[in-house]
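Heads up, the sequence shown is in full-length UniProt numbering, so the first residue is 1 and it goes up one at a time. Ideal Cβ placement from N, Cα and C applies to all residues, glycine included.
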Amino acid sequence: MVQIVFDTAGFLAGLENSFNKVYTTIEVISEVKDYDSSKMLDYAMSSGKVVVLAPSINSLKKVRVILKDINEKTLSKADISVIGLAIDLSPSIVFTDDLSVQNVLYKLNIEFKSVKLGYHITKTRKFKYKCINCNKTFSNYISECPYCGGKIIKNL
Numbered sequence: 001m002v003q004i005v006f007d008t009a010g011f012l013a014g015l016e017n018s019f020n021k022v023y024t025t026i027e028v029i030s031e032v033k034d035y036d037s038s039k040m041l042d043y044a045m046s047s048g049k050v051v052v053l054a055p056s057i058n059s060l061k062k063v064r065v066i067l068k069d070i071n072e073k074t075l076s077k078a079d080i081s082v083i084g085l086a087i088d089l090s091p092s093i094v095f096t097d098d099l100s101v102q103n104v105l106y107k108l109n110i111e112f113k114s115v116k117l118g119y120h121i122t123k124t125r126k127f128k129y130k131c132i133n134c135n136k137t138f139s140n141y142i143s144e145c146p147y148c149g150g151k152i153i154k155n156l
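Okay, structure coming up:
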């Protein structure tokens, strides 16, 4: 049976009541801060519709290998935990609007669905990082360009 896994976007959209059971992580729960979403989430958790689990150490290791392979350095702990949990609960479908999370899931052959975006990635991408001021590119993420002090963004 396919397990449903949510990142924060699923809860902010109020989709937890659309399924019999939804799985997530404590890191995701801590990201749900707006009052209405938080109250709905509390109710869904108390009724047993939302199950909070921690991903295994082995699944987190698999995620880190993929992150290194595609040069992804910007995912949060919550993002990594959701991907790890999806590995543990496989077969699973992850509901996320985060294109970087989708990229990792695609590489792992784990099904995903966009929540509100209306589109999703269709191939795995390997990232570089680019200064928005001087356009210098870097293979590793840094927060500030050493050449001009500009902001660094993720780039394909």
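Own chain, CB closer than 6 Å to residue i, minus 5 neighbours either side, in chain order
i: Lys77; result: Glu27
i: Gly84; result: Pro55, Ser59, Leu60 and Val63
i: Val115; result: Ala9, Gly10, Ala13, Phe95 and Asp97
Nearest candidate by alpha-carbon position, reference residue i, set the options
i: Ser37; options: Asn17, Leu53 and Val52; result: Asn17
i: Phe127; options: Asp69, Ala9, Asp42 and Gln3; result: Asp69
i: Val65; options: Lys130, Val50 and Leu108; result: Leu108
i: Val22; options: Lys33, Cys148 and Ser47; result: Ser47
i: Thr122; options: Ile29, Ile110 and Ile142; result: Ile110
i: Leu117; options: Lys130, Val52, Gln102 and Val5; result: Gln102
i: Leu99; options: Glu31, Ser143, Lys154 and Ile57; result: Lys154
i: Val51; options: Ile142, Pro146, Lys151 and Thr24; result: Thr24
Cβ neighbour criterion (16 or more within 10 Å) applied to residue i
i: Cys134; result: exposed
i: Val2; result: exposed
i: Tyr129; result: buried
Beta-ladder partner(s) of residue i, from DSSP
i: Gln3; result: Ser92
i: Phe138; result: Tyr129
i: residue 184; result: Given that the chain is displayed from residue 1 to residue 156, the structure contains no residue 184 and the question cannot be resolved.
i: Lys113; result: Phe95
i: Val32; result: DSSP lists no partner for Val32.
i: Val50; result: Val22
i: Val144; result: The residue you asked about is not Val; residue 144 is Glu in the sequence shown. Answer by DSSP bridge pairing, in chain order: Lys151.
Delimiting residues of the alpha helix (DSSP H) encompassing residue i
i: Asn155; result: Counting along the chain, Asn155 falls outside any alpha helix (DSSP H), though it belongs to the beta strand (DSSP E) covering Ile152 to Asn155.
i: Asp11; result: Looking at the sequence itself, residue 11 is Phe, so the reference to Asp does not match. Segment Thr8 to Leu12, the alpha helix (DSSP H) holding Phe11.
First through last residue of the beta strand (DSSP E) which encompasses residue i
i: Lys61; result: Unbroken run through Lys61 is the alpha helix (DSSP H), Ile57 to Asp69; no beta strand (DSSP E).
i: Thr24; result: Val22 to Thr24
Chain-order list of residues whose beta-carbon lies under 7 Å from that of residue i (same chain, five-residue window excluded)
i: Leu105; result: Ile83, Ala86, Val94 and Phe112
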